[in-house]
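Please read the structure below before turning to the comments.
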Amino acid sequence: MIEFNFKNVLSSVIEENGIEESAVRSLENEIVEARRSLNELRRNGEIGFYDEISNMGMVNEIKTKAESFFSKNFKTLYVFGMGGSSLGAIFLKEAMSGMFKKRKDGAAEVIFSENIDPSYLKNNLDSIEFKKTLFCFVSKSADTIEVVSQFFIVKEILEKTVENYKENLIFITDKKSGFLRKYADENGIAVLDIAKNVGGRYSIVTAGTLFPAYVMGLDIEKFLHGSLTYRDNILNKGVFENNPVYTMAAVIYLFYVKKKRNIFVPFVYGDYLREFSRWFRQLFAESLGKDLTSPTPVPAVGATDQHSQLQLYMQGPQDKLVGFFCLKDFGADYKINSSGFNEFDYLNGKKLSEVLMNELKGVELAFAMNKRPSFRVTLDKIDEFNLGELSFMSMEAVAVLGMLLKINPFDQPGVEKGKKFAYLLMGKKDDSLSKESEELKRLNAVPDMLY
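FYI, the numbering for the sequence shown is 1 to 451, going by UniProt numbering.
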């Protein structure tokens with residue numbers, strides 16, 4: 001169960017900087033139309049994250065592949081992926097760290113390379129035993145330059161150090177096309193499919209995330225059940241019938257369009273949600289940041305960032321909307337004994353979770369006093385089911401927000417433009433790069449300004 005409290009965005013609390021509840025409810029028809037458009041895309045097979053969560057064939061294939069690797073006594077899974085091909089799995093790993101059941105039959109240690117820093121890669125590769133490591137390359141397109149570059153490096157080392165090195169590889173990629181798919185088919189490399197109609201930032205419900213999650217010990221069926229339950233629950237209700245996902249989308253939309261709040265801060269309270277904020281940032285920014293629209297997501301972690309960013313949010317420009325994400329149950333706690341220390345009498349007998357939550361409430365009250373808008377999303381606890389709910393809620397909220405903003409939340413043309421220039425700089429010959437080639441000549445004609 002996810003709770004959404006938007007009291008502190010209302011004008012009855014923050015006066016002229018707030019909105020009326022009636023303004024939220026006035027968007028009902030637009031949100032109904034957004035849901036209709038998304039459902040049409042779903043029926044036409046253009047977007048797949050709604051249905052991938054009930055794909056038991058995918059789950060069984062993940063388990064089959066994972067169990068075969070466990071039988072070979074691998075100690076480490078090393079995952080190479082960019083953006084959504086790694087952020088979802090990193091989010092689940094960090095959220096569930098310390099809660100995984102220790103496997104008796106395989107490796108639970110998982111390493112991620114989500115960048116191509118050569119010194120970082122070398123440190124990681126120097127720290128592992130290649131014979132006991134399964135290298136997992138994740139790329140929806142099967143051609144992601146950062147992933148393919150590191151594949152060639154790892155392949156060269158494996159060829160020199162491991163006799164049957166192809167057994168140390170698995171690709172998670174497109175079902176039919178691209179380099180990794182072709183190489184896997186020609187060389188007998190194990191492979192798992194990513195549905196073509198699920199974009200990378202929505203791929204937390206695909207094998208790209210769920211294979212490493214299963215290897216770590218996460219109950220992926222319970223995770224998908226959380227997403228499925230949430231999906232069916234919200235789609236079978238009216239827009240504002242105890243349906244926090246659409247209220248959240250409406251609030252963010254109204255503060256961006258009507259109140260010019262062009263920065264959205266997902267402020268998570270608790271370290272196990274830290275990586276959720278990074279995953280959410282990518283989902284939000286890459287889905288919505290186009291056509292000169294969208295708030296900019298800037299993640300924060302409480303109480304840590306009360307001592308870094310909060311000053312700016314409290315007294316800086318009135319251009320931010322803050323969304324707090326927190327837990328009802330932290331799963332563990334400590335009772336503080338400050339007996340005998342008079343200046344800390346107020347702490348005596350308090351739980352550490354109470355201190356953290358009162359820090360959050362204190363910030364909320366200070367925001368309200370300073371007429372700064374904020375809302376709160378509360379998760380019951382950290383487990384696979386609740387994380388499945390949170391993930392689906394986030395994806396649905398962003399998809400609907402995209403529809404309200406009248407942009408396509410499922411493409412990323414700006415990212416592709418940067419890739420094209422990178423290809424040119426590395427000498428790739430391709431007729432489709434002619435426009436960028438001419439622009440590169442123009443830009444290179446201007447000398448660098450070095451000091």
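Note that CB positions come from ideal geometry on N, CA and C, so glycine has one too.
When the beta-carbon positions are compared, isoleucine 116 and valine 79 stay at least 8 Å from each other. The criterion of a C-beta distance shorter than 8 Å is satisfied by methionine 393 and isoleucine 2.
Close CB contacts of threonine 296 within its chain, under the 8 Å cut and outside five residues either way in sequence, are with Asn262, Ile263, Phe264, Ala285, Gly289 (chain order). Secondary structure of phenylalanine 341 (DSSP, three-state): coil.
Lysine 222 and lysine 428 have their C-alpha atoms spaced approximately 45 Å apart. Distance from glutamate 94 to tyrosine 272 at the Cβ level is roughly 7 Å; contact confirmed, criterion being Cβ atoms closer than 8 Å. In chain order, Val138 place their CB closer than 6 Å to the CB of glycine 81, counting only its own chain and leaving out the 5 sequence neighbours on each side. Rounded to whole angstroms, the gap between the alpha carbons of asparagine 236 and asparagine 243 is 10 Å. For phenylalanine 74 against valine 251, the beta-carbon gap comes to about 46 Å, at or over 8 Å, which does not count as contact. By the C-beta criterion, the segment 14 to 31 is judged not to be in contact with the segment 148 to 163, since fewer than 3 inter-stretch pairs fall below 8 Å. Residue environment analysis places asparagine 386 among the buried positions, since at least 16 neighbouring C-beta atoms fall within 10 angstroms of its C-beta. Cβ-Cβ distances below 7 Å link alanine 34 to Val400, Met403, Leu404 in the same chain, with the five nearest sequence neighbours on each side left out; the list follows chain order. Annotation: alanine 332 to histidine 225 spans about 25 Å, alpha carbon to alpha carbon. A Cβ-Cβ separation of about 5 Å places aspartate 291 in contact with isoleucine 407 under the 8 Å criterion.
Beyond the five residues adjoining it in sequence on each side, lysine 371 comes within less than 7 Å, by CB distance, of Ile14, Glu15, Asn17 in the same chain, given in chain order. Taking one beta carbon from each stretch, the segment 268 to 283 and the segment 323 to 338 have 3 or more pairs nearer than 8 Å; the two touch. The residues Phe135, in chain order, have a CB closer than 7 Å to that of valine 154 in the same chain once the five nearest residues on each side in sequence are set aside. Rounded to the nearest whole angstrom, the CA to CA distance from tyrosine 183 to isoleucine 189 is 8 Å. The beta carbons of isoleucine 53 and leucine 192 sit no closer together than 8 Å. Between asparagine 197 and glycine 48, the C-beta spacing is below 8 Å. Assigned with DSSP and collapsed to three states, glycine 200 falls in helix. For the pair methionine 248 and glycine 323, the Cα-to-Cα distance works out to about 9 Å. In terms of CA proximity to glutamate 114, Leu87 leads the group Leu87, Phe91, Ser22.
Per DSSP, the continuous beta strand (DSSP E) segment holding aspartate 174 begins and ends at 169 to 174. Annotation: the segment 375 to 446 contains the following complete segments of the alpha helix (DSSP H) (minimum length 4 residues), in chain order: 384 to 404, 413 to 425, 434 to 444. A distance below 6 Å between beta-carbons, with the five flanking residues on each side excluded, links glycine 340 to no residue of its chain. Between the C-alpha atoms of isoleucine 157 and threonine 133 there is a straight-line separation of about 12 Å.
The beta-bridge partner set that DSSP reports for lysine 320 consists of Ile263. Membership of valine 13 in the alpha helix (DSSP H) is indicated by the continuous run 11 to 14. Between glutamate 159 and glycine 316, the alpha-carbon positions lie close to 56 Å from each other. Beta-carbon to beta-carbon, proline 212 and leucine 77 are separated by about 6 Å, close enough to satisfy the 8 Å threshold. Beta-bridge partners assigned by DSSP to alanine 190: Ile170. Separation of the CB atoms of valine 239 and isoleucine 31 is rounded to 5 Å, and the pair is thereby assigned contact status at 8 Å.
Within a 10 Å sphere around the beta-carbon of asparagine 168 sit 16 or more other beta-carbons, which makes this residue buried. Annotation for asparagine 233: no beta strand (DSSP E) segment contains it, though the alpha helix (DSSP H) segment containing it runs 220 to 235. DSSP places asparagine 5 within a strand segment (E or B) once states are collapsed to three.
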